[in-house]
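Under the working numbering, the first residue of the sequence shown carries the number 5, and numbering increases by one thereafter.
Contents: one structure, followed by commentary.
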Amino acid sequence: MELVFASNNKHKLEEAKALMGTGCTILSLSDIGCHDEIPEDKPDLVGNALQKAHYIYQKYHRDCFSDDTGMEIEALNGRPGVYSARYAGAQCSFEDNMNKVLEEMQPFTNRKACFRTVIALIMEGKEYLFEGRVDGIILREEQGKQGFGYDPIFQPSGYNISFAEMDLNEKNAISHRGRALEKLCRFLKAQNV
Ligand code: IMP
């Protein structure tokens with residue numbers, strides 16, 4: 005079966021391909037010739053994930069899924085949350101976002117945070133949602149070079165290394181997106197896909 009992952013983020017695509025195995029061919033947005041700036045302006049993760057998946061389904065008539073992720077920090081009342089991508093401004097880099105979080109977190113000893121991912125799947129016109137979460141802490145400085153986004157400053161509970169110090173399979177086994185993707189895989193298997 006072919007399934008479009010409504011993303012061009014190479015890290016996310018790698019994570020999904022590694023987890024979903026050979027039974028399902030994952031296509032990126034470029035693979036289907038989509039270079040649109042897909043709207044993502046809803047106030048929560050579920051809204052954004054559904055918005056992206058419906059956009060692709062309506063335009064390309066292909067079964068697809070999209071994900072939306074937010075990092076929620078307890079001491080910052082859940083920020084950056086749904087604004088994780090552009091926390092430091094419209095054209096900001098991952099580095100800018102991490103610096104903003106590190107600066108805002110400087111006074112706090114409570115470093116608790118989590119990542120949450122919502123995956124929206126549209127298959128034969130019907131929508132399904134899958135959620136994954138991982139708890140951890142915000143480090144005081146960047147550690148590691150792998151992964152993307154906030155990976156260098158997030159250390160999952162039970163580990164003494166950051167996501168950016170883990171290889172792909174290690175991160176996938178415990179991460180927010182890995183857990184949501186696993187639920188998606190289980191669902192697809194149950195449908196004999
Ligand atoms: P998105 O809207 O799902 O792409 O996620 C919003 C932002 O959250 C991204 O731009 C990244 O900064 C961050 N993010 C998403 N997934 C991860 C992850 O697995 N590790 C670290 N940061 C992530």
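Each residue gets a CB set at the ideal place from its N, CA and C atoms; glycine is no exception.
In this text, all values refer to a predicted model and were calculated from it rather than measured experimentally.
{"query": "Tyr-154 beta carbon near the ligand IMP (any heavy atom closer than 7 Å)", "result": "yes"}
{"query": "Ile-137, enclosing beta strand (DSSP E) - first and last residue", "result": "Note on identity: in this sequence residue 137 is Arg, with Ile being the wrong assignment. It spans 130 to 142 - the beta strand (DSSP E) in which Arg-137 sits, taken as one unbroken run."}
{"query": "Nearest neighbour of Tyr-163, chosen from Leu-143, Lys-14, Gly-153 and Arg-181 [CA to CA]", "result": "Leu-143"}
{"query": "Close-in-space but distant-in-sequence residues of the same chain around Leu-17 (CB under 8 Å, 5 per side omitted)", "result": "Phe-9, Ser-11, Ile-30 and Ser-32"}
{"query": "Closest Cα partner of Gly-182 within the set Lys-21, Glu-6 and Asn-13", "result": "Lys-21"}
{"query": "Any non-hydrogen atom of the ligand IMP closer than 7 Å to Phe-191 Cβ", "result": "no"}
{"query": "Selected residue, minimal CA-CA separation from Ile-42, among Gln-55, Ser-34, Gln-150 and Gln-95", "result": "Gln-55"}
{"query": "Inter-residue spacing [alpha-carbon to alpha-carbon] between Gly-140 and Glu-99", "result": "20 Å"}
{"query": "Proximal residues to Tyr-59 (C-beta, below 6 Å), its chain only, five neighbours per side dropped", "result": "Ile-42"}
{"query": "Burial state of Asn-101, where buried means 16 or more other Cβ atoms lie within 10 Å", "result": "buried"}
{"query": "Beta-carbon gap between Phe-119 and Lys-187 smaller than 8 Å", "result": "no"}
{"query": "Any non-hydrogen atom of the ligand IMP closer than 7 Å to Asp-171 Cβ", "result": "no"}
{"query": "CA nearest to the CA of Gly-153, picked from Ile-165, Ala-194, Val-105 and Met-127", "result": "Val-105"}
{"query": "Stretch-stretch touch, CB-based, cutoff 8 Å, three pairs: the segment 118 to 132 with the segment 57 to 75", "result": "yes"}
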